[in-house]
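Numbering follows the numbering used here, with no gaps: position 174 of the sequence shown is 388.
Just so it is clear, CB atoms sit at the ideal spot from N, CA and C, and this is done for glycine as well.
Quick caveat, the model's predicted, so the values are computed rather than measured.
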Amino acid sequence: MSKYIAFLRAVNVGGRVVKMEQLKKIFEDLKLKNVKTFIQSGNVIFETMEKDKNILTKKIEKKLKASLNYEVLVMLRTDKELADIVKQNPFKDDKLDENTRVYIAFLYNKPGKETKNILSSLNNKNETFLLKNNEVYCKVRKDEKKSSYFSILLLEKKLGIPLTTRNQTTVNKIKLLLDSDSILKSVQSMKPGRD
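The following block contains the structure:
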């Protein structure tokens with residue numbers, strides 16, 4: 215079985231309210247196993263025998279649209295990919311003050327060669343964007359003139375790639391949840407009396 219995390223775009227924003235129990239049921243109706251949701255922003259952990267991420271993504275998106283009556287893009291990552299995303303975070307060891315945040319933008323499509331140049335042009339004294347694989351790591355500082363940290367829609371528009379973001383704390387917690395599930399399964403699979 216392969217373990218995946220589905221990061222859903224635009225769930226529980228702008229009047230698109232979905233209860234986590236409903237979301238879990240949608241995924242279970244697709245015969246996905248060990249489905250868990252994590253916080254209200256649309257993070258779903260599950261297992262399946264399906265190895266083809268493209269087929270799986272389209273299947274989930276089709277079911278979400280049929281169930282919710284609107285399109286939801288799914289940024290699908292394996293548990294191993296998520297472990298690498300956390301490990302490769304260039305800002306993971308930075309000391310952050312109360313006005314600084316780190317976000318990870320999960321890209322829907324593979325970025326083109328021009329993406330790094332676009333991100334470089336967006337960097338300024340309050341915002342740093344770095345591309346690694348299919349994710350953009352965003353370190354942003356909110357100044358007194360801004361009501362929010364940065365515009366996800368602006369980043370998406372500049373890159374020309376649909377995306378969804380999660381703060382680094384959420385991504386780290388999902389990784390810990392995956393790690394604890396793996397440890398629990400290992401312990402449960404051990405037979406009594408074996409050392």
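Under the rule that a run must span 3 or more residues, the beta strand (DSSP E) segments found entirely inside the segment 290-339 read 314-321.
If you draw a 10 Å sphere on the C-beta of Val-231, you find fewer than 16 other C-beta atoms in it, and that means exposed. For Asn-381, the enclosing beta strand (DSSP E) begins and ends at 377-381.
A check of alpha carbon separations from Ser-255 across Thr-271, Lys-276 and Ile-219 identifies Ile-219 as the nearest. Look at Ala-224 here: in three-state DSSP terms it is coil, with no helix or strand label. Under the three-state reduction of DSSP output, Glu-370 falls in the helix class. Within the DSSP secondary-structure output, Ile-259 pairs in a beta bridge with Ile-219 and Lys-250.
For the 8 Å CB-CB criterion, Ile-388 and Leu-296 form a contact. In the DSSP assignment, Lys-245 falls outside any alpha helix (DSSP H) and carries neither an H nor an E. Relative to Lys-238, the option among Asp-357, Leu-282 and Tyr-322 whose CA is nearest is Leu-282. The C-beta separation of Lys-346 from Gln-302 comes to about 5 Å, placing the pair in contact by the 8 Å criterion. Annotation for Lys-353: the continuous beta strand (DSSP E) segment containing it runs 349-355. One thing to note: Thr-251 has its Cβ within 8 Å of the Cβ of Met-234.
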